[in-house]
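Counting from 6, one number per residue, gives the positions in the sequence shown under the working numbering. For each residue, glycine too, the CB sits at the ideal point set by N, CA and C. Keep in mind the model is a prediction, meaning the values are calculated, not measured. Down below is the structure, laid out as structure tokens.
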Amino acid sequence: MIYLHGAGHFHPENIIDNRFLEDLKIDTNNEWILERVGIHQRRTVLCLDYIRNTYNQNPTESHPHLQFSTAQLGAQAARMALARANLQPKDIGLVIAGGCLPQYSMPAEACAIAAKLEIEATAFDVNSACSTFAAHVQLISQMKAESLPDYILLVCPESVTRSINYADRKVAVLWGDCASAVIVSKKIKSNKSIIHTMLSSNPSSWNKVMAPAGGHFYQEGQAVQKFAIKKTLATIQLFREKYNIASQHYFIGHQANLSMLNSVCKMAGIVHEKHLYNVDRFGNCGAAGAPSVLSENWSRFIAGDCIILAVAGAGLTWGGMVINVCE
């Protein structure tokens with residue numbers, strides 16, 4: 006059993022709405038974007054004038070034009086999680102961070118985030134692209150409680166827009182920046198608990214989604230979307246059948262695009278009221294997307310609620326968890 010004590014999220018202020026993308030003259034418009042991916046706007050750590058003037062054609066030149074570092078994003082989300090958990094930085098005994106595109110090859114971003122928060126504790130990264138949050142939880146689930154500190158901070162800081170080619174409409178319309186943070190414990194109980202987890206990979210398809218060091222993000226869009234739908238449905242079905250979970254559960258999926266998520270819900274019989282998402286307002290925020298939705302809805306969950314969270318991403322890797330809420 007993994008207990009959830011707090012969750013946080015943070016989105017930078019700079020907004021890339023569909024009008025902004027239209028003005029880039031990349032053969033796209035609001036109707037085209039909404040029909041295909043259902044995204045109205047997204048946030049970016051990049052200065053908007055930098056995007057307008059350069060289209061981020063050379064990602065290695067983006068660093069001077071960043072509003073926030075990934076460590077700053079992560080620290081902001083962590084502060085919200087700490088406040089919700091009624092904890093102080095000194096209470097955290099382990100920090101694990103990760104996501105799609107670390108800002109630095111070294112050191113671990115967990116160390117940079119811990120430093121921003123003045124946390125003096127073990128800190129390391131576990132990266133599994135958009136499936137990172139599931140990888141973090143799966144790792145903790147396999148560790149003995151007695152070997153862990155009371156409270157663990159899991160952070161997914163994402164600034165993927167640093168790697169986006171804004172001359173390519175296929176990817177420019179998708180991505181946004183965000184950080185999520187969740188505080189968990191295997192020792193201290195709370196009213197929210199992760200009762201089941203899973204993580205799996207199909208390494209033979211590793212090259213379907215990638216971002217070379219210093220290069221632009223790339224994916225085989227249709228193939229990856231089919232994979233994400235298939236594996237998300239399989240994850241939901243696995244949890245429902247293996248653990249006898251009623252179909253009235255909440256659903257949080259990988260925030261890749263709204264069309265994909267709606268397809269999953271239709272095929273899985275998930276009603277609109279139980280589908281929680283924010284991709285329409287923030288775009289695909291990589292590993293931070295699904296846990297940011299959990300954070301946004303933190304106060305809405307009541308005793309008896311059950312949430313299935315399922316994610317999929319590069320690797321190709323997929324995973325998920327079941328969250329129960331009690332008194």
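- Here residue 135 is buried. Its C-beta has 16 or more other C-beta atoms within 10 Å.
- In the structure shown, the three-state DSSP call for residue 224 is strand.
- Counting along the chain, no alpha helix (DSSP H) covers residue 180, and no H or E run does either.
- Ranked by Cα distance from residue 321, the first of 85, 328 and 224 is 224.
- Burial is judged here by how many other beta carbons sit within 10 angstroms of a residue's own beta carbon; residue 49 has at least 16 and is buried.
- For residue 276, the number of other beta carbons within 10 angstroms of its own is below 16, and it is reported as exposed.
- Around the Cβ of residue 16, a 10 Å sphere holds 16 or more other Cβ atoms; the residue is buried.
- Taking all protein chains shown into account, residue 202 has 16 or more neighbouring C-beta atoms within 10 Å of its C-beta and is therefore buried.
- DSSP, read as helix, strand or coil, puts residue 75 in helix.
- Residue 165 has its alpha-carbon roughly 13 angstroms from the corresponding atom of residue 72.
- The three-state reading of DSSP puts residue 163 in strand, counting E and B together.
- Residue pairing from DSSP places residue 128 in a beta bridge opposite 100.
- Under the three-state reduction of DSSP, residue 214 is assigned to strand.
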